Every structure is written in C-alpha cells, then in structure tokens.
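Chemist:
There are 2 protein chains.
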Amino acid sequence: MAVTLKDVAELAGVSTSAVSRTFTAGASVSEQMRAKVQSAAQELGYRPNALASSLTTGRTKLIGLVSNNFHNPIFLEVFDRFTRGLQDRGLRPLIVNLTDETDPRHSVELLLQYSVDAVIVASSTLPPTFANAFRRADLPVVHTFGRPSSTPQVDVVGIDNVACGALAGRTLRARGYSHVGFLGGPEDATSTQDRLYGFLSELDGSPGVRVTHSFARAYSFDAGREEMRRLIPEGLAEAYFCGDDVLSIGAMAALRGAGLDVPGDVGLIGLNDMEMARWEGIDLTTIQQPIGEIIERSIDRVIYLLDTPDAPPDVCIRSCVLVERGTLRPALR
Amino acid sequence: MAVTLKDVAELAGVSTSAVSRTFTAGASVSEQMRAKVQSAAQELGYRPNALASSLTTGRTKLIGLVSNNFHNPIFLEVFDRFTRGLQDRGLRPLIVNLTDETDPRHSVELLLQYSVDAVIVASSTLPPTFANAFRRADLPVVHTFGRPSSTPQVDVVGIDNVACGALAGRTLRARGYSHVGFLGGPEDATSTQDRLYGFLSELDGSPGVRVTHSFARAYSFDAGREEMRRLIPEGLAEAYFCGDDVLSIGAMAALRGAGLDVPGDVGLIGLNDMEMARWEGIDLTTIQQPIGEIIERSIDRVIYLLDTPDAPPDVCIRSCVLVERGTLRPALR
DNA sequence: GCGCGCAATGCAACCGGTTGCAAAGGCTGG
DNA sequence: CCAGCCTTTGCAACCGGTTGCATTGCGCGC
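Protein chains in written order, with the working numbering: chain A, 107 to 439; chain B, 107 to 439.
1. According to DSSP, is S324 of chain B helix, strand or coil?
2. Near S404 of chain A, what residues of its chain come up, given a Cβ to Cβ distance below 7 Å and the 5 sequence neighbours on each side ignored?
3. Interface residues of chain B around G363 of chain A at Cβ under 9 Å?
4. L443 of chain A to D379 of chain B, Cα distance in whole Å?
5. Mind checking which residues open and close the alpha helix (DSSP H) that includes Q259 of chain B?
6. Give the residues of chain A in contact with P339 of chain B, contact being defined as C-beta atoms less than 7 Å apart.
7. Taking DSSP as the reference, what is the three-state secondary structure of I338 of chain A?
8. Can you tell which of B:R335, B:V352, B:P339 has its C-alpha closest to the C-alpha of A360 of chain B?
9. Rounded C-beta distance between A322 of chain B and G349 of chain B? I'm assuming under 8 Å.
10. If you scan the region 185-252 of chain B from start to end, which runs of the beta strand (DSSP E) of 3 or more residues do you find wholly inside it?
11. From P415 of chain B to Q144 of chain B, what distance separates their C-alpha atoms?
12. For the putative contact between L309 of chain B and R279 of chain B, defined by C-beta atoms under 8 Å, what is the C-beta separation to the nearest angstrom?
13. For a cutoff of 9 Å on Cβ pairs, would you count Q219 of chain A as touching chain B?
14. Leaving out five residues before and five after I423 of chain A in sequence, what residues of the same chain have Cβ atoms less than 6 Å from its Cβ?
15. Looking at the unbroken alpha helix (DSSP H) that takes in I401 of chain A, where does it start and where does it end?
16. What does DSSP give as the partner residues of C348 of chain B in its beta bridges?
17. Give me the Cα-Cα distance between R281 of chain B and V268 of chain B, rounded to the nearest whole angstrom.
18. Could you name the residues of the region 153-164 of chain B whose beta carbon sits closer than 7 Å to any beta carbon of chain A, in the order they occur along the chain?
19. Going by CA-CA distance only, name the one from B:E332, B:V222, B:Y346 that's closest to G271 of chain B.
20. Chain A partners of E440 of chain B, CB-CB under 9 Å?
21. Verify the CB distance criterion: does L216 of chain A have a CB-CB separation below 9 Å to chain B?
22. Taking 8 Å as the cut-off, is the CB of R198 of chain A close to at least one heavy atom of the ligand GDP?
23. My assumption, with CB atoms under 8 Å, is that N238 of chain A sits in contact with V222 of chain A. Please give the rounded CB distance.
24. Is there a Cβ of chain A sitting closer than 9 Å to that of G376 of chain B, yes or no?
25. Taking the alpha carbon of D186 of chain B as the reference point, which residue from A:L192, A:G191, A:R187, A:P179 has its own alpha carbon closest?
26. Short check: CB of I355 of chain B to CB of I388 of chain B, under 9 Å?
27. Is the CB of G282 of chain B under 9 Å away from at least one CB in chain A?
28. Which of the three DSSP states, helix, strand or coil, is assigned to S354 of chain A?
29. Quick check on T235 of chain B: buried or exposed, where buried means 16 or more other Cβ atoms within 10 Å of its Cβ?
30. Which same chain residues end up closer than 6 Å to F288 of chain A when comparing Cβ atoms and leaving out the 5 residues on each side of it in sequence?
31. Spell out whether any CB of chain B is found under 9 Å from the CB atom of L202 of chain A.
32. Pull up the distance between the alpha-carbon of D367 of chain A and that of D367 of chain B, whole angstroms please.
33. Taking the alpha helix (DSSP H) that T392 of chain A falls in, what are its first and last residues?
34. Grab the span of the alpha helix (DSSP H) containing G376 of chain A for me, first residue to last.
35. Name the chain B residues whose beta carbon is nearer than 9 Å to that of L182 of chain A?
36. Would a check of beta-carbon distances place Q148 of chain A closer than 9 Å to chain B?
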C-alpha cells in the first residue's frame, strides 16, 4: 500500500496537520518542523494523494479536454500543445474522445463525476450548444476553435472564419481567377458556414468572377478527394478554397490522380497551415491559423476562470495570415 | 455546490448507506428502496463523485497513458484507439506527454499522485527501464510497442521488430535489388536496432546483395527527408527499408525533389501502414503493424492486471504482414 | 404460535487529506 | 517580571463516499 500522511506523521513524531502543512504552500510551519517532516517523507517516499486532497480543497487540477477531431492531423499539433501546456502549469488533461456513437450528455456527466475543475472543448465542428451544456453544469468552459458570437454563453478562443473566407476570396481574385470554388468541410459545421459566407460576401459583386461551392462530408483526406473526384467530370473551377489543409491535400491527390497539374490547371488554397502543409511534394498555399497562440490563450483563460468562475464569457479572436507556397498561380501584375 | 450523497439521503429520508448501495452494483437493496433513492437522485441531479469513492475502493478507474510520440501521425490512430477503447470500458485515460525536457521520474510521481490504477506506456522509442520505473512503484504497467524480451520486467505488447527487418530484407531480395539500404529511425531506439539486426541477418550471405545502413535522427518526415538528401550525393542504394512510414514519406519527398522516380529509380518500403500510407500520391508499400489488435490486447491486459497485480509479466507479439502498394518494383519472375 | 433464517437497513468507522479553532510557546515591550 | 501578541502546533471535524457489523423485520416451516 502507498505511504500516507499518517505514516509520515508517525515517523516524524508530529501531528498529521503538521505534515499536511509542510506540503501546502503558504501554510504556517517552522523551519525545524518542515525539515523534520521532509526527512521523514523522504525516507518513506511519501507522495501526497492529489485526489484525497481535492475532497477538501475542491480542486482536482484535472481539466476535461473534449474533442471529436481525432482523425485530422492538425489535431496532433493541437493535442501536443494542449497536453504540454496544461502539464507545464501543473494541470492534468482528462481526455474525452467524442465519437459519433457517444451521447454528448454523457461526457458532461463523466467529467462531473471526475470533478474536473474546468473543461476545454477543442473543436470547430461541435455546435455551441455542446459547450453550453458544461456551462449549465456550472463548469468553467472554454470553446477553443469555436464560433465567435456577440452574445457568447461560454468563453471562445478562435479565429474569425468569415474573415478567413474573405481573405481566401480576396487572394483568389488577386490571382485573376475568373471561376473560383469553395470546397467546404461538413455543411453543418459553423466553421464551414462562416468561411463560405465570408468567401461569397467578398466575391459578391466582383465583376467577372464566378463562384460555385460544395461540401465534403468531413474534414479529411478521403472526403476531400471524393468531393474533388465528383467535381472533375462536372467541370472544374480554376481554383478552390478548401475547408482545411487535409481536405486540400485530398483534393490535390484527386486532381493529380486525374492528370491535372496543381497549380498549373487548378489552384488550391487551404486553411490551418498544419505541419504537413510545408512538406515537400505538398507545399500548400494556405491561411495560417495561429494554433500556438490560440491554445496558450485558451489555457490562460481556463486558469483565469478557475479563480473567477463568474467572469462574463469572453471571446478572443486571433487573426489569420496567408502563407504563400506553391499551389496558386502568381498574382497578376 | 454539487449534489452529494447526503443530500439525496435526506430528500429520500434514508441513510447514506442506502444511497451508496443503490449506486453500487451487486449491493443488497430492495426494489422500493432503489426506486425511492433513484427518484430523489434524479430530482437533484445527483452524480456520484468518482474520486471520493476511489478513496475507499482503492480504484480510480484512471489509467495513465504515457507517450513521447506526439509528432508522428501514426500516433493519431494510436491515440484515438486507446482513448476510445478505454472509455468504452469505463476507464479514463490520464495523458502524460513526455517531452525531452521532462524528467521521466517526474511522470511516475505524477501518476502516483493521481492514484492511477495502471499505466500504459505507448512508445517504441522509450527504453525498457522507463516502463520498469512504474513497476517498481507497484503500478501495473503495459509497454505497448515495447521490445519483446525473454525475461520481461513488465508486460509488453508489440511486434517482433527483428522479424520485420527480416521480412523487409526478404521482400527486397525477392525484387532482385542488388544494393539495398536501411534508413533507420533514431539509432538508440530498440525498435531501430532490432529492425536493423533482422534486416542484416536476413541478407547476410545473400550472394550479390550489398547492404548499407544509416539512421535518421527521429521518426519524422523532416528527419527522413534530411537523411535521404544526405545520401543522394553519396550514391544511393536501389531500394531502402525505412524506419517507419513517416520517415519513408520524407525520404520519398527528398528523392522526388531531386528528380528521381519512386519506384523507377529507387524503391521504398516502410513500416506501420498508417492511414496516410494509402493516400493517393503516396501509395507506400509497407509492413503492416496490427495497431488495432495491439491496442485491444494492451487494454485487455491492463484490465486483467487490475485484478491480478502479481501476474508474471507477459509478452504478446503480433505478426506483421507486407502490404503491397506502389513503391517497389515488381517481384522477379 | 413460535423459532429460525435471510434480506434489508442503519450506524459508525474509515479512506487520505485539510483546516478552523484553541492552546501552547516564544518573543517583545514596558 | 509580567502582560500581550504572534507564531507554531495539535485536536477534531469535515470533504464525499464505502463497508463491516449489528439490528430490524419479514416470511416460512413446523
């Protein structure tokens, strides 16, 4: 069995309170006492039980990390940064992998049972209602990659997808493409809807630019490839703004597989700037989402909410920039 | 504040024991009692506190999941399967992201503080001593993707890397390549060493087959690309067995970037068969590791160890098969 | 009608810590 | 030398559950 507070107290010949205080920052303990306790603790190899102490302190330092993006390579980066960022700050991520089968409500109950201190929902495809459910259970929650709102129910950290759509539209227009396409992610995702809206609004009224759009069933390579293969016989646009990078890479594979050149015959622009976008052989022109900043901010915000549970929901939008690589033709001049 | 057992007991007008038993499978409770308690619990929205109960039961249902592979796309699949598999069985993964900076001992202490019931170490690059550290702390541990041993200190589930190396060697020989190369992962990883050993042993004494080898600094795209670029001016082998798929893809990018054709000028064979290996445009011939089976087995084994902590360490080896795609020339005939 | 066995229930101790409160001790200043 | 204050320490209650044990009550057979 594990070494307990009591064992240490006995060995040191002091009360359990003294031992507890030795391991509690800012408690009133004399130097001798601390030394005595620590040597006893050392000798026994004592480690305080974080879960037991959570009972009285009300803090578990456990943070629920909920996502449904376990198939998108970008998630590797997201996940790496979240786990590192949390553990660097003494917090532990408790992962919930949302699959199609799992009932969303179930994840709320689950995280409540483990008394997580807060929840991070990391997904651009989950509806706002999902994050709200945690809020209703009185859990601080941050929706990372969520849709910005002027009347937010929960904290949101993310990007302005409408602006990204517009940026993509502007970029394609500047390249002189006269027929551009939007090859979106799942139609019901808010990120898809917003990007399309921005894209269309930007190009609406641009003389001589025709815009078409369609949707892939998911943010995935296969979905991008399938949708592009479907489009080829129907007649292609000159360039596509794809839902995200992995979708773009799928679309690129379909195009090249059909003997078409990118960017010679068809241009592509993605969104995310995941690591793979830089790979030689892919070299995708894309809109960069500042993942690192978004995640840092999400963690900082979650920590703030721990001490300020009643803080009004805040929305933090980071701006995106174009990363020029090799899948669009050069700008007109 | 959250609803507690006591609140429910009060509302239902029964003892706290009765409420506790209602939520404990196999406890002695009458039907009326259960109904009464459940309706009270329902009314208050009561959820038992898993952490509090762990104090007396000694079970947290938390499983430490430790890895250092957060940059390899294969880990997406591994991670997805582990988190799903565990949660489907009512267990919660507690992630530890091992970075170069973090002291390995720290992760032991951390998981002990959270009283995890067991630990899964998912990595082919961590040394066996790492997993042993958990064992010494009396935690059941399974080393997934670990090196098989005839005198294991901990449970291991994985593949026979020596056999994989041999399979790769046989495959290349059957294709009639007369100069083959091993482009391994990090030299200090046991998986790299074993694959090289199997590869060399298999080809040793094959008349007319010359073998060279070198190592990339990591299992990553960039490392594979770098190493292949370094090899190009030095003179290439006709085909390479690469440390894993992502390394192969990096090597492929370097070759194609240098104007060489795969498999026309240089053949490639990888290991893992990650999702990306199937992508059009990659179409990598590779040795398939049965990830799904390995992970299922790891989880089953961990669950077994929960009830049988003193079970002698067991080694489970799954066999690998060649997946023929488009990066090797056809077999001789 | 009585004794017995069994199922259902409550009491209270306990899991491993934390913390308010009061007592003890040391130090200060007068 | 004493009063008073502050620091240090221990006691005991408590966090939210679980469980061994004793008690109660019921149904049954004779």
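We put the CB at the ideal spot given by N, CA and C, even for glycine.
Remember, predicted model here, so these are calculated numbers, not experimental data.
Modeler: The short version:
1. Inspection of the sequence shows that residue 324 of chain B is occupied by Ala rather than by Ser. In this structure, A324 of chain B counts as coil in the three-state DSSP scheme.
2. I226, V248, T250, V263
3. E386, G387
4. No answer is possible for residue 443 of chain A: it lies beyond the span of chain A, which begins at 107 and ends at 439.
5. Per DSSP, Q259 of chain B belongs to no alpha helix (DSSP H) and is neither H nor E.
6. None at all; the shortest Cβ gap to chain A is about 17 Å.
7. helix
8. B:R335
9. 6 Å
10. 198-203, 224-228, 247-250
11. 35 Å
12. 6 Å
13. yes
14. P254, D266
15. 397-413
16. B:L289
17. 20 Å
18. R153, P154, N155, A156, L157, A158, S160, L161
19. B:Y346
20. There is simply no residue 440 of chain B to check, as chain B begins at 107 and stops at 439 in what is shown.
21. yes
22. What this structure holds is no ligand at all, so the ligand GDP is not there to describe.
23. Rounded, the Cβ-Cβ distance is 17 Å, inconsistent with contact.
24. no
25. A:P179
26. yes
27. no
28. helix
29. exposed
30. L302, F305, H319, F347
31. One point to set straight first is that residue 202 of chain A is Val, not Leu, in the sequence displayed. Yes - at least one Cβ of chain B is within 9 Å of the one on V202 of chain A.
32. 18 Å
33. That residue, T392 of chain A, is in no alpha helix (DSSP H); its beta strand (DSSP E) goes 392-394.
34. Here G376 of chain A belongs to no alpha helix (DSSP H); instead the beta strand (DSSP E) covers 373-378.
35. F176, H177, N178, P179, F181, L182, F185
36. no
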